Structure formats: C-alpha cells, structure tokens
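Following: one structure in structure tokens, then a few remarks.
Right under this line is the structure:
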C-alpha cells in the first residue's frame, strides 16, 4: 500500500527503538522525511542512519527527554527546522511500568511526568504546525486501559489519561483538519521483552520458544487469543497507517492491537 507520505515530514518521539522505530521504518520505506527523538544521541543517530538506508528522503536523530519541562518544545522546533514542515507526530514514550497502587507520591509524580506530561507537552508543541498542514497525531496507550492490571495500576491509569487526552485533541482540533488517534498495544516483544524471554528460559529451563508466552499466561494472567506476544513491526504498520493520509477519515479512535487480549 502506498501511504502517500512522500514529501511529508514526521516526528516520532520515542522513535529510536521499539514500536516507534518500527513505525518510522514503514514511513521511511515510502519515502517520508523523519525526525526521531530519544534520550541518547548516539542511538538517535543510528536510528536516523537506518531510516535513510530504508528509503527516507532524509532523517535526523535528536536527543531530548520530553518528560523534562521545555524539552518537548525544543524537540518539535528541531524537527520543524530540519523538515521544513510537520505533517504528523507520534509519541511512544512512557516506560514507568510495574508499580503497585501503594506507590509513593514521588513515584506517582515521576510516572505522571514520564507517561502523560511527555505526551501532552509534545503534542501541544506540535499542534500549531499540524494546523498548517492539516496533520495528524498518534499516541500509544496500552491494553490495560481496558483491563487494568493491579501490579501496573498507576501505568494503566496514566495510559488511560493519554487515551482520553488524544480523543480530546481529536475533538478540539478536528475543525482544523487535524486528526488524532491512540494505539492500545498488548504485550509487544520489544528489546526488553525479548531479553526477558532469554532470561526466563535460562533461569527456569523452559524452552526459549515458549518461555515468554508462559510468563504472560501463568504469571501476568494475560490470555491472548493469538497465543503469542506482538511484534514491534506489527504496531509500526498500524502507527504509520494512522499517520498517513490513507487514514484520512479516522480520528478520535482507540485502536487495539493486542492479539485479542482478555476479551
């Protein structure tokens, strides 16, 4: 499918690895210009070089931590300066995972900055540019916004806020032609889960091919209809589609991509 993204510019915050980089690769393969943002400059530079090799018209990596006040605005400015325009932003940040409901105020506040403020700051900084191009916003929540896990309740709560924030952006800025959608992934085998697969297999003597699936079912209580974790590139395909003009009448949606988790 031609995503119609040639001559368009995209910013992927959290785009130096995992689902964000997977989405950027799909855009690159169709000739888009891309800026990826992460917290490490060397990793950002490697990601940008990979995107150019994959077909991007041009690509650049920037190092910013959007959970810190002022950094998101600088990231957006750097992207617009490089791209010359901004047709879409994807924000895939937020790593504060396993926290119980009994977490301290400081832990909740740190998670709030990481999981929600990083998203809202990035999107708010991008919106004036997206109005000019009738552009699009994509954020990531999680399947747990529909079925909260008690060991990750702060995470699920704040990801729920991301989903509602995104829907609000869609409603408020639709009159300007701006679309906004939120992706709700299940367990996706990014680098961290891939490493867990090997660690669990080694520690417990389980077959490597099924070690992660056993943890998901037996310990996390996740019942996945497709009986496997997702792949970053599967989420990346969805992310790129939502960013592209091919999804031109889709806005305000929370899109599950979880293999059928906990129907």
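In my numbering, the protein residues as written are 442 to 704.
By construction, the Cβ of each residue, glycine as well, lies at the ideal position given by its N, Cα and C atoms.
Just so we're clear, the structure is a prediction, and the values are computed from it rather than from any experiment.
Selected residue, minimal CA-CA separation from residue i, among the options
| i | options | result |
| --- | --- | --- |
| residue 635 | 451, 670 and 583 | 670 |
| residue 674 | 652, 658 and 698 | 698 |
| residue 542 | 600, 596, 570 and 561 | 596 |
| residue 528 | 462, 681, 449 and 459 | 449 |
| residue 574 | 600, 606, 544 and 524 | 524 |
| residue 706 | 466, 479, 444 and 561 | Here the chain comprises residues numbered 442 to 704, so residue 706 is not present and cannot be evaluated. |
| residue 511 | 554, 481, 482 and 483 | 554 |
| residue 668 | 690, 701, 681 and 682 | 701 |
| residue 617 | 570, 683, 443 and 653 | 570 |
| residue 614 | 689, 446, 453 and 576 | 576 |
| residue 526 | 589, 568 and 588 | 568 |
| residue 665 | 588, 689 and 643 | 588 |
Beta-carbon proximity of residue i to residue j, cut-off 9 Å
| i | j | result |
| --- | --- | --- |
| residue 656 | residue 610 | no |
| residue 625 | residue 586 | yes |
| residue 517 | residue 559 | no |
| residue 451 | residue 572 | no |
| residue 533 | residue 646 | no |
| residue 628 | residue 604 | no |
| residue 503 | residue 520 | yes |
| residue 566 | residue 602 | no |
| residue 460 | residue 631 | yes |
| residue 599 | residue 557 | yes |
| residue 446 | residue 685 | yes |
| residue 590 | residue 535 | no |
Three-way DSSP call (helix, strand, coil) for residue i in this model
| i | result |
| --- | --- |
| residue 651 | helix |
| residue 694 | coil |
| residue 453 | strand |
| residue 529 | strand |
| residue 395 | Outside the shown range of the chain (442 to 704) lies residue 395, about which nothing can therefore be said. |
| residue 619 | coil |
| residue 557 | helix |
| residue 469 | helix |
| residue 601 | helix |
| residue 541 | coil |
| residue 672 | coil |
| residue 496 | coil |
| residue 478 | strand |
| residue 509 | coil |
| residue 631 | coil |
| residue 583 | coil |
| residue 458 | coil |
| residue 686 | helix |
| residue 502 | strand |
| residue 595 | helix |
| residue 625 | strand |
| residue 702 | strand |
| residue 577 | strand |
Own chain residues within Cβ distance below 6 Å of residue i, not counting five before or after
| i | result |
| --- | --- |
| residue 482 | 504 |
| residue 680 | 464, 531 and 579 |
| residue 462 | 456 and 488 |
Cβ neighbours of residue i in the same chain (closer than 7 Å, five flanking residues each side left out)
| i | result |
| --- | --- |
| residue 487 | none |
| residue 475 | 451, 453, 465, 468, 469, 492, 497 and 500 |
| residue 443 | 471 |
| residue 548 | 540 |
Cβ-based neighbour list, residue i, same chain, cut-off 8 Å, excluding 5 preceding and 5 following
| i | result |
| --- | --- |
| residue 466 | 491, 492, 495, 674 and 677 |
| residue 688 | 577, 620, 622 and 682 |
| residue 544 | 552 and 595 |
| residue 648 | 642 |
Legend entry - Contact between the stretch 687-698 and the stretch 617-630 (3+ Cβ pairs under 8 Å): yes
Legend entry - Three CB pairs or more closer than 8 Å across the stretch 454-473 and the stretch 492-499: Yes: at least three Cβ pairs fall under 8 Å.
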